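Asker: Please read through the structure below; I'll follow up with questions.
Chains as they are written, first to last, in this note's numbering: chain W, 1 to 305; chain D, 306 to 610.
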């Protein structure tokens, strides 16, 4: 009989917890070790059967794991990566779920003990912690996968890549996209980090509205709610802080917004034409309505390669 | 037998069309005249039984109406207001649905033929036209109501106010808020117009992303979709263009965004603390999840006063 696959998930928050729940359902035989600083998250993950064992990082038997998934916030993830790799068995797979890939993959490439493959599932909600974890979070979502770095053994790389694809398909992913880390970070700037920073700034504006704030809250309807929902997901900020494209593109967004304000003031007809064109473009994107897991329901399932 | 109430709705788009459908359901005896430039909108409103008669503005019997609702885009609404008032019977009620109230109410105050009461239902979707109209659009929504202006006859003002409250409650409103037009415009700046302009700017950034745009679209998930949904509603721009608080506050939002970008670059820990605090504040707003009509389901129904 073959030994069961062993997967450690470091960080039992929304993403790590959901991944554990999804894998547990899809692959009852896999042995999942849940790792978290917070004893309540460990306790809850055990009670819900998401993990077979739960432990702080210090005591975790990383050396027996085939796969270790880093799913802590971005900055600690970047910092713990080398120490985690050093405790794993030679040629095992180390991966992550961070929303910025260039600096994480560069850190993964600085060691040669394990195969590191950066990944980024395009799913989330504004809630966090294991309490918000949901086995359907990744249903049909797209997952970006970066090229393997670190250990150069070809067989280990092939096996690691195949194991990671299989893991995300088991978790429910609808689409696996092979991307270069810098290309990923530039694209995610527009797809996620700028929307997030804009949403956070809009929330900050409301909070700074002084006397107007109470009525503004009463008048806030679907538009405000939708536009700012992403601002509730504090984890995006950590990834944005690691994304080298952000400072320039966020400044460009600010310039765009300022120009729009000037145009609305001095040439409203032209501003309205511009806004009308943007409205048409946005509607033409045909983004699906909201689903339970917050992701697009219509992406196609791609087989592993 | 008392004559049935006669209501004309000028503009059978998303808001006017939804109002006609909602009133038709709640008050089968009311006679509704639908007015629109577009023969297809008129035809469809007739076919769906939303209106009893449909006509272009020129031929409309405004003089027999007790209430006329202006629900065209903001700029034409502002421009047609005096001519519409001039064609109505003395002391009748003229009202509107525009998202900016100060300039509209000021225009309403420049005549003394009819009672003008500015209103603003806090509801919408990114779709437009009568095809998107929905009798449940206003279910539980908040409606801002401004003080009566124009005709000074006390009885006409009282009757007009009572008729307007009754109209919005019949249409499904969950909350009627009496507000000063300038106070409304300042509050709606934060509740709606800044979120809209931020959303439009984020869409424009994606469209201007060049080589990164195709992958950005593939990676765009729930966060992008929610943050930018409002940008698809081109009608908000017209109201924002009439809102005198917008230029200054949009510039302030741009400054905020730029400062956030600088902080992420030069003092990421502090930026992340700031973003984390905003995330908590946003979650603490406890805005309801999305409902079919895009509005909050938990507002209380206030009786007319």
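Note that beta-carbon positions come from the ideal geometry of N, C-alpha and C, so glycine has one too.
For clarity, every value in this text was computed on a predicted model and none was experimentally measured.
1) DSSP three-state label for residue 537/D, please.
2) Pairs of beta-carbons, one from the stretch 177 to 195 of chain W and one from the stretch 512 to 529 of chain D, closer than 8 Å: are there three or more?
3) Candidates 247/W, 158/W, 30/W: which alpha carbon is nearest residue 611/D's?
4) Between the alpha carbons of residue 406/D and residue 583/D, how many angstroms are there, rounded?
5) Grab the span of the beta strand (DSSP E) containing residue 311/D for me, first residue to last.
6) Could you work out which residue in 172/W, 127/W, 130/W is closest to residue 142/W when comparing CA atoms only?
7) Give the interface partners of residue 400/D over in chain W, defined as CB-CB distance under 7 Å, in chain order.
8) By the three-class DSSP mapping on this structure, what secondary structure does residue 572/D have?
9) Below 8 Å between beta carbons: does that hold for residue 74/W and residue 98/W?
10) Is residue 430/D closer than 8 Å to residue 195/W when the C-beta atoms are compared?
11) I want to verify the contact list: residues of chain D whose CB lies under 9 Å from the CB of residue 67/W, in sequence order.
12) In three-state DSSP terms, what is residue 374/D?
13) Under 8 Å by Cβ, that's how I've got residue 114/W and residue 93/W pegged, so tell me the actual separation to the nearest angstrom.
14) Whose C-beta lies closer than 6 Å to the C-beta of residue 54/W among residues of the same chain, with five residues either side of it excluded?
15) Using a Cβ cut-off of 8 Å (strictly closer), state whether residue 527/D contacts chain W.
16) Quick check on residue 466/D - is its C-beta less than 8 Å from some C-beta in chain W?
17) Provide the residue span of the beta strand (DSSP E) that contains residue 309/W, from first to last.
18) What's the C-alpha gap between residue 530/D and residue 456/D?
19) To which residues of the same chain is residue 469/D closer than 7 Å at the C-beta, ignoring the five residues directly before and after it?
20) Quick one: using the 10 Å Cβ neighbour count with 16 as the cut-off for buried, is residue 133/W buried or exposed?
21) For residue 20/W, I'd like the list of residues in its chain whose CB is within less than 8 Å of its CB, leaving aside the five on either flank, ordered along the chain.
22) Under the DSSP definition of a beta bridge, which residues are partnered with residue 142/W?
23) Excluding sequence positions up to five away, which residues of its chain have a Cβ less than 8 Å from the Cβ of residue 296/W?
24) List the residues of chain W that residue 533/D touches, going by C-beta distances under 7 Å, in chain order.
25) Could you tell me the distance, in whole angstroms, from the CA atom of residue 241/W to the CA atom of residue 573/D?
26) Since residue 455/D sits in a beta bridge, which residues does DSSP pair it with?
27) Would you say residue 472/D faces chain W, with C-beta separation under 8 Å as the test?
28) Which residues in the same chain as residue 375/D place their Cβ atom closer than 6 Å to its Cβ, once the five residues preceding and following it in sequence are excluded?
29) What does the Cβ neighbour count give for residue 236/W, buried or exposed, with the cut at 16 atoms within 10 Å?
30) State the beta-bridge partners of residue 125/W as determined by DSSP.
31) Would DSSP call residue 514/D helix, strand or coil?
32) Where do the ends of the alpha helix (DSSP H) carrying residue 20/W lie?
33) Between residue 317/D and chain W, is any beta-carbon pair separated by less than 8 Å?
34) DSSP beta-bridge partners for residue 336/D?
35) Could you have a look at residue 216/W and say whether DSSP puts it in helix, strand or coil?
36) Starting from residue 96/W and walking both ways along the beta strand (DSSP E), at which residues does that stretch end?
Answerer: Considering the structure as presented:
1) Taking the second chain and counting its residues from 1, the one referred to as residue 537/D is at position 232. Of the three classes helix, strand and coil, the one that applies to residue 537/D here is helix, per DSSP.
2) yes
3) The requested residue 611/D is not part of the displayed model; chain D covers only 306 to 610.
4) In the second chain, residue 406/D corresponds to position 101, counting from 1. In the second chain, residue 583/D corresponds to position 278, counting from 1. One C-alpha to the other measures close to 30 Å.
5) The residue labelled residue 311/D in the question sits at position 6 within the second chain. First-last of the beta strand (DSSP E) with residue 311/D: 311 to 315.
6) The sequence position of residue 142/W within the first chain is 142, counting from 1. Nearest option by C-alpha distance: 172/W.
7) Residue 400/D sits at position 95 when you count from the first residue of the second chain. Correct list: empty, because the minimum Cβ distance to chain W is about 18 Å.
8) For the purposes of this step, residue 572/D is identified with residue 267 of the second chain, where counting begins at 1. Residue state, collapsed to three classes: coil.
9) Locating residue 74/W in the first chain gives position 74, counting from the first residue. Locating residue 98/W in the first chain gives position 98, counting from the first residue. Yes, these two residues count as a Cβ contact at 8 Å.
10) Within the first chain, residue 195/W is the residue found at index 195, counting from 1. Within the second chain, residue 430/D is the residue found at index 125, counting from 1. Against a cut-off of 8 Å, the Cβ pair of residue 430/D and residue 195/W comes out as no contact.
11) For the purposes of this step, residue 67/W is taken as residue 67 along the first chain, with counting starting at 1. Those within 9 Å of residue 67/W in chain D number zero; the least Cβ separation is about 23 Å.
12) For this step, residue 374/D is matched to residue 69 along the second chain. DSSP places residue 374/D in strand when its eight states are reduced to three.
13) Residue mapping note: residue 114/W aligns to position 114 of the first chain, counting from 1. Residue mapping note: residue 93/W aligns to position 93 of the first chain, counting from 1. About 7 Å separates the two Cβ atoms, so the contact holds.
14) Position 54 of the first chain, counting from 1, holds the residue named residue 54/W. Here the set comprises 34, 42, 45, 46.
15) The residue given as residue 527/D occupies position 222 in the second chain. Output row for residue 527/D: interface = yes.
16) Indexing the second chain from 1 puts residue 466/D at position 161. No, no contact with chain W.
17) Given that chain W is displayed from residue 1 to residue 305, the structure contains no residue 309/W and the question cannot be resolved.
18) Looking up residue 530/D in the second chain gives position 225. Looking up residue 456/D in the second chain gives position 151. For residue 530/D and residue 456/D, the distance between alpha carbons rounds to 46 Å.
19) The sequence position of residue 469/D within the second chain is 164, counting from 1. For residue 469/D, where only same-chain residues beyond five positions count, the Cβ hits under 7 Å are 398, 400, 422, 424, 450.
20) By one-based count along the first chain, residue 133/W stands at place 133. It is buried - the Cβ of residue 133/W has at least 16 other Cβ atoms within 10 Å.
21) In the first chain, counting from the first residue as 1, residue 20/W sits at position 20. So the list reads 9, 12, 32, 34, 45, 50, 51, 133, once near-sequence residues are dropped.
22) For the purposes of this step, residue 142/W is taken as residue 142 along the first chain, with counting starting at 1. According to DSSP, which records beta bridges pairwise, residue 142/W is partnered with 175/W.
23) On the first chain, position 296 is the one that residue 296/W refers to. In this prediction, residue 296/W has a pLDDT of 36, which is less than 50 and means its spatial position is unreliable; nothing more can be read from the coordinates.
24) Translated into positions along the second chain, residue 533/D becomes position 228. Going along chain W in sequence order, the residues near residue 533/D (Cβ under 7 Å) are 195, 282.
25) In the first chain, the residue the question calls residue 241/W occupies position 241. In the second chain, the residue the question calls residue 573/D occupies position 268. Cα to Cα, the separation comes out at about 6 Å.
26) Counting from 1 along the second chain, the entry for residue 455/D is found at position 150. According to DSSP, which records beta bridges pairwise, residue 455/D is partnered with 420/D.
27) If you number the second chain from 1, residue 472/D lands on position 167. It does not: the Cβ of residue 472/D has no partner Cβ on chain W nearer than 8 Å.
28) Stepping through the second chain from its first residue, residue 375/D is reached at position 70. These residues qualify, in order along the chain: 315, 382, 401.
29) Within the first chain, numbered from 1, the residue matching residue 236/W stands at position 236. Burial call: buried.
30) Position 125 of the first chain holds residue 125/W. DSSP, once it has assigned bridges, lists no residue as partnering residue 125/W.
31) Position 209 of the second chain, counted from the start, is the residue given in the question as residue 514/D. In this structure, residue 514/D counts as coil in the three-state DSSP scheme.
32) Taking the first chain and counting its residues from 1, one reaches residue 20/W at position 20. Element bounds for residue 20/W: 14 to 26.
33) Locating residue 317/D in the second chain gives position 12, counting from the first residue. No, because no Cβ of chain W sits closer than 8 Å to the Cβ of residue 317/D.
34) Taking the first residue of the second chain as position 1, residue 336/D is located at position 31. Answer is 311/D.
35) Counting from one through the first chain, the residue named residue 216/W turns up at place 216. Note: residue 216/W maps to helix in three-state DSSP.
36) If you number the first chain from 1, residue 96/W lands on position 96. Here the beta strand (DSSP E) through residue 96/W covers 93 to 96.
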